[in-house]
Amino acid sequence: MVAANIPWTKLNNPILKGFLTKYTNKQIPDESTLRKNYLHPQYLSTIEKIKENIGASYFWTSVYETTDRCGRYIANIVVGKVDSTGPSSPHLIASRVLEVANSSTIAREIQTFDVEDAVSIREAKVATSSSTVVSDLANVKSYFGNLPGVIVSLEARNLPLIESVKIMHTIQEGVKQTPGPVASSVATKLEQVLQRNTGWRTMVAVPDILGGQSTPLQEIRRVGPSRMAGGRGEGGLLVGTRWEEGRRNLAFEVHRLHQSR
């Protein structure tokens, strides 16, 4: 019932209780019995599984606010493993009801968590206790708040290669024009990531060639004129695993850059 998100109060319904008793051939305990003897061990077991999944790897943590069906503000704390092979699945480790949903109340709720439950809680406490966290978040929101939307755009299916490269160039120009030492570090990191990305130069060269711009001969030889011409599918979409893999790699690299910031 927990996995199916069915409230245990439903066990007070005699029809449901009779149904479960009949088809499981077992005596169904009361809600209070389950809550006292079953829920906490399951919670501890889930926390241990999260610890095993993250292990000694780097991790990311996020706090987001939502509202339930009663209109209450709920702060949800999720963590995930930073994995170089691809995005990881998030784990919900806590939910708290907030009187008012703002950064101050969320920070206070985090401080109430037990640091022994997970390393991520200890790190989150240190982060929210920092005197510079407000200014740091303001900087991220002002200059890097567009990255989540960019990641979604790059992950879109059947996105033309020309559009993917254009998005990446827009990111590069935006980061270069952002003032401050933090933006300078991010610009350097982004440049290093793109240089390490296999096939990035080829991906940049193909839209230029198809657009009629002159391109170094070695780039044309690497791709091949027939493949470039034949790679234009319906609506001018560039198809083929090399392009799709390269574009997905770019989306992941931008996602990793956003998480590391």
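Numbering (UniProt numbering) for the sequence shown: 1 to 261. Using N, Cα and C, we set each Cβ at its ideal position, and we do this for glycine too. Fair warning: this is a prediction, and the values are worked out from it, not measured in the lab.
Our contact map puts A17 next to I28 with C-beta atoms below 8 Å; I'd like the distance itself, whole angstroms only.
The question names Ala, but residue 17 in the sequence shown is Lys. The pair is a contact, with the Cβ atoms about 5 Å apart (cut-off 8 Å).
What does the alpha-carbon distance come out to for the pair T132 and F144?
17 Å
Presumed contact (8 Å Cβ cut-off) between I77 and T61, rounded CB distance
7 Å
Range of the contiguous alpha helix (DSSP H) that encloses L143:
A small fix is needed here, since residue 143 is Tyr in this sequence, not Leu. Its alpha helix (DSSP H) spans residues V133 to F144.
For the structure I just gave you, are there three or more beta carbon pairs, one from the stretch 189 to 208 and one from the stretch 156 to 167, closer than 8 Å?
yes
Nearest by alpha-carbon distance to K125: which of R201, R196 and V63 is it?
V63
Rounded separation between H169 and I121 - CA only
37 Å
DSSP on Y43, reduced to helix/strand/coil?
helix
Distance between L39 and L20 (C-alpha atoms, nearest Å):
19 Å
Exposed or buried, which one is L92 when buried takes at least 16 other CB atoms within 10 Å?
exposed
List the residues that DSSP assigns as beta-bridge partners of H169.
Per DSSP, none; premise fails for H169.
Check this for me: beta carbons of V175 and V182, under 8 Å apart or not?
no
Count the other CB atoms within 10 Å of the CB of residue 292; is the residue buried (16 or more) or exposed (fewer)?
Because the chain in this structure spans residues 1 to 261, residue 292 falls outside the shown range and cannot be described.
Secondary structure at N13, three-state DSSP: helix, strand or coil?
coil
Out of L44, E123 and A75, state which residue places its alpha-carbon closest to the alpha-carbon of A94.
A75
Buried or exposed (CB count within 10 angstroms, at least 16 for buried), G86:
exposed
Over what stretch of residues does the alpha helix (DSSP H) that includes I151 continue unbroken?
L147 to L154
L159, DSSP secondary structure in three states:
coil
Could you tell me if F15 is buried or exposed, where buried requires 16 or more neighbouring beta carbons within 10 angstroms of its beta carbon?
Per the sequence shown, residue 15 should be read as Ile rather than Phe. It is exposed - the Cβ of I15 has fewer than 16 other Cβ atoms within 10 Å.
Going by DSSP, which residues form a beta bridge with F59?
K81
Among V134, S135 and I171, whose alpha-carbon lies nearest the alpha-carbon of I151?
I171
Between A4 and the rest of its own chain, which residues show a CB-CB distance below 8 Å, the 5 nearest in sequence each way excluded?
none
Would you decide whether I6 is buried or exposed? Buried here means 16 or more other CB atoms lie within 10 Å of its CB.
exposed
Cutoff 6 Å; reference L194; Cβ partners in own chain excluding five residues on either side:
W200
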